[in-house]
Amino acid sequence: MKTSNNKDKILYAIDNTIAKGSFSIIIALFVVVILIIIILSLFIWSLGSNPNFGLMDQFWVYFNSGIGRDAELAAVGTWTYRLTSFLVGIVAIFFSSIVIGSIVNGISSKITELREGKSKVIESNHTVILGWSESLYIIINELIEANKSESSSCIVVLGNESNVEMINKASNSINYDKKTKIIFRSGSSTSPDDLLKLSIGHAKSIIINIDDDIEVVKTILAIFKNKSVKKNNIPIVCKINDSLNMPVARIAGEGLVDFLPVYNFIGRVNAQACLHPGIAEVLLDLLDFSGSEIYFHNEESLVGKTYKETMLSYDTSCVVGIVKNDKISINPDAQEIIGKKDKLILLSLDNDCIKINDNPSDTNDESDKKLIISDQQKIHEEPKNFYLLGWNNAATIILDDLVGYLPDNSVINIANGSQVAEKYLSSLDSKEIPIKYTKGDIRDRVFLESIEVHNATNILLLRSSLFEDHEKADAATLFTLINLREIRQENDSNFTILSEVLNEKNADLISIKKSDDFVMSEKIINLMLSQLSENASLGEFFNELMQPKGSEIYFRNISDYVDINQEIKFTTIIKSALLRSETAFGFRINSERNSKSSHFGIHLNPDKSIKTKFERDDELIVFAEE
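The working numbering applies: residue 1448 is where the sequence shown begins, and numbers increase by one.
Shown next, in the form of structure tokens:
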């Protein structure tokens, strides 16, 4: 055993002294100062530099210099005077120290409070986001994009971490804009006092960005403690993961909160997107503030006109539906009459772009009739050999929708290692669509080959609920996806793959080989929350769109609608789609299908006055009812 040297002993003694508290430190420092003064006094006195001073005089002078008193004044007078003036000086020093210490401590506490984000926010008409997570960046960036048309805006974020930590984490992930001020505050979303500091009673909207449903409900209750929120009718939006928690959440929300059921919404998106490749990209474009968005617009000049006539009244906006008697109708009958209180549902780049064309296209234009293919052949869909790989809470919703979407004689193949899935499927009696279930590890290449995935037409790869950790779940999805792509290539198969990934960063790691291999993630949920915070009516629109019944998004071969041997205006295509009781609102260029920079060839809300030359494999994007 090694013995401690003197240095270690000294450091150990200092450590113990500091640990005892402030009083011990003061005493120790006093002793050290006295020792230093004694040594210096002995040294100077031994030199005999001042014969008028004895050793005590010398000590006294240095002692007073050490505590900040005037040495020369301290050396005059009798010792009684000296001691008295010394005591007065000591009292003055202690008093000054206490005052200075109090001031410094107050300033330090205030600085700490500010750095930790504890101070009150003095803002109005701002967006409040409650909850910190990786998905927060998507929401903030979308709100920044949405507010670009405004002169100034403000976003306030409340998280559990310190203000400095949140700012540092966000610095590389947020697209800061000079017009949008972003404020971070530290606190609990379930604390009414912390919420009060955010001026939520004067907010433009409140977004609850929390994954735990119980915490969401508690947060709603805490928000309503502020009476100004109800009084000012401030929009509140949040997501609910488990549909079983929705009834309680709605009670807590008192009809004033817009809820986004995560698994219901994602399930329906996945069900449609995997059968109709490209829909996911269309939905993201509709939800993204950087492209064309959905608007609800009242146009008095179009009252009494038909839906068909309204569609031809805008050059830079696409009419896709009507709000009549507070009920949303996507792709209504072409002869539907627009009433005084009705609102048009439009797809437009911005609210300022919604302008009536002074010279709308003639609905009876003879030149258009020559270009329109009126022969309406019934669209026949081949049976699907559908594979559902993986399992989570959205799977049951997907299966319910698939039964209604899949063509006759289709087959659903399910493979995963979930006991929940096995139990659910054993009790399922689907007479309409045969369902085959195989238990196994979908990450295993041998297992995938054993269930003959190479014969698939469509594959939906769900994030597995077997992994609670998001990173592990995404890693499992990545393993399976790599194997599926390899199997597809080796067998020269043509099946499409739709993969679900939670973390957007992990989605970026998976390079998309085909546009149809789109990687789903929580991004679509966060985009939806952002949209709802700006316009709550959008929830009803997308809910209507995601229903198995009614109009949905479809891709059609454009050569079935118009003559592609010459340049065509989009107006002509709209007229052709109307003959089929469909609403055209975009197209996809096949040559750009695998180009991410070209948005996979998808063009929504094209300018109707511009002519485009199409190829045979190009597709029309429509709202249609099958």
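All C-beta atoms in this analysis are idealised placements derived from N, C-alpha and C, irrespective of residue type, glycine included.
Determine the closest residue to residue i out of the options, with distance taken between C-alpha atoms.
{"i": "residue 1888", "options": "1904, 1903, 1865 and 1905", "result": "1865"}
{"i": "residue 1760", "options": "1803, 1777 and 2048", "result": "1803"}
{"i": "residue 2035", "options": "1453, 2068 and 2058", "result": "2068"}
{"i": "residue 1772", "options": "1785, 1781, 1780 and 1763", "result": "1785"}
{"i": "residue 1793", "options": "1461, 1914 and 1762", "result": "1762"}
{"i": "residue 1665", "options": "1700, 1893 and 1478", "result": "1700"}
{"i": "residue 1986", "options": "1656, 1684, 1587 and 1566", "result": "1684"}
{"i": "residue 1571", "options": "1881, 1650, 1939 and 1918", "result": "1650"}
{"i": "residue 1566", "options": "1632, 2019 and 1474", "result": "1632"}
{"i": "residue 1976", "options": "1655, 1751, 1580 and 1634", "result": "1655"}
{"i": "residue 1980", "options": "1705, 1547 and 1461", "result": "1705"}
{"i": "residue 2019", "options": "1663, 1882, 1817 and 1739", "result": "1817"}
{"i": "residue 2031", "options": "1973, 1851 and 1758", "result": "1758"}
{"i": "residue 1884", "options": "1892, 2059 and 1867", "result": "1867"}
{"i": "residue 1647", "options": "2011, 1613 and 1682", "result": "1682"}
Checking 8 angstroms against the spacing of the C-beta atoms, do residue i and residue j come in under that value?
{"i": "residue 1969", "j": "residue 1582", "result": "yes"}
{"i": "residue 1643", "j": "residue 1615", "result": "no"}
{"i": "residue 1770", "j": "residue 1790", "result": "yes"}
{"i": "residue 2041", "j": "residue 2062", "result": "no"}
{"i": "residue 1687", "j": "residue 1709", "result": "yes"}
{"i": "residue 1819", "j": "residue 2009", "result": "yes"}
{"i": "residue 1895", "j": "residue 1944", "result": "no"}
{"i": "residue 1707", "j": "residue 1971", "result": "no"}
{"i": "residue 1879", "j": "residue 1997", "result": "no"}
{"i": "residue 1830", "j": "residue 1847", "result": "no"}
{"i": "residue 1916", "j": "residue 1950", "result": "no"}
{"i": "residue 1935", "j": "residue 1924", "result": "no"}
{"i": "residue 1602", "j": "residue 1573", "result": "yes"}
{"i": "residue 1777", "j": "residue 2029", "result": "no"}
{"i": "residue 2033", "j": "residue 2050", "result": "yes"}
{"i": "residue 1622", "j": "residue 1660", "result": "no"}
{"i": "residue 1764", "j": "residue 1795", "result": "yes"}
{"i": "residue 1835", "j": "residue 1842", "result": "yes"}
{"i": "residue 1849", "j": "residue 1859", "result": "yes"}
{"i": "residue 1658", "j": "residue 1580", "result": "yes"}
DSSP state of residue i, grouped into three classes?
{"i": "residue 1931", "result": "helix"}
{"i": "residue 1632", "result": "strand"}
{"i": "residue 2070", "result": "strand"}
{"i": "residue 1595", "result": "helix"}
{"i": "residue 2046", "result": "helix"}
{"i": "residue 1744", "result": "strand"}
{"i": "residue 1638", "result": "coil"}
{"i": "residue 1768", "result": "strand"}
{"i": "residue 1681", "result": "coil"}
{"i": "residue 2058", "result": "strand"}
{"i": "residue 1783", "result": "coil"}
{"i": "residue 1861", "result": "strand"}
{"i": "residue 1578", "result": "coil"}
{"i": "residue 1603", "result": "strand"}
{"i": "residue 1457", "result": "helix"}
{"i": "residue 1905", "result": "strand"}
{"i": "residue 2030", "result": "strand"}
{"i": "residue 1829", "result": "coil"}
{"i": "residue 2009", "result": "strand"}
{"i": "residue 1915", "result": "coil"}
{"i": "residue 1924", "result": "helix"}
{"i": "residue 1757", "result": "helix"}
{"i": "residue 1535", "result": "Note that residue 1535 has pLDDT 48, beneath the 50 cutoff, so the model's placement of it is unreliable and the number below is only indicative. Residue 1535 falls in the helix class under three-state DSSP."}
{"i": "residue 1616", "result": "helix"}
{"i": "residue 1790", "result": "strand"}
{"i": "residue 1570", "result": "coil"}
Report, in whole angstroms, the separation of the C-beta atoms of residue i and residue j, which I expect to be a contact under 8 angstroms.
{"i": "residue 1744", "j": "residue 1801", "result": "5 angstroms"}
{"i": "residue 1988", "j": "residue 1741", "result": "6 angstroms"}
{"i": "residue 1637", "j": "residue 1669", "result": "5 angstroms"}
{"i": "residue 1906", "j": "residue 1718", "result": "About 13 angstroms separates the two Cβ atoms, so there is no contact after all."}
{"i": "residue 1604", "j": "residue 1585", "result": "Their Cβ separation, rounded to whole angstroms, is 13 angstroms, which puts residue 1604 and residue 1585 out of contact at 8 angstroms."}
{"i": "residue 1983", "j": "residue 1942", "result": "The pair is not a contact, with the Cβ atoms about 39 angstroms apart (cut-off 8 angstroms)."}
{"i": "residue 1716", "j": "residue 1730", "result": "6 angstroms"}
{"i": "residue 2053", "j": "residue 2017", "result": "5 angstroms"}
{"i": "residue 1568", "j": "residue 1630", "result": "6 angstroms"}
{"i": "residue 2025", "j": "residue 1781", "result": "5 angstroms"}
{"i": "residue 1815", "j": "residue 2022", "result": "6 angstroms"}
{"i": "residue 1677", "j": "residue 1671", "result": "7 angstroms"}
Inset, instruction - Starting from the N-terminal side, write out each stretch of the beta strand (DSSP E) that is 3 residues or longer and does not extend beyond the stretch 1863-1892. - result: Counting whole runs of 3 or more residues, the stretch 1863-1892 contains the beta strand (DSSP E) stretches 1882-1886.
Inset, instruction - Pick out the complete alpha helix (DSSP H) segments inside the stretch 1686-1752, 4 residues or longer, and give them in chain order. - result: Taken in chain order, the unbroken stretches of alpha helix (DSSP H) that lie wholly in the stretch 1686-1752 and span 4 residues or more are 1693-1700, 1709-1722 and 1726-1734.
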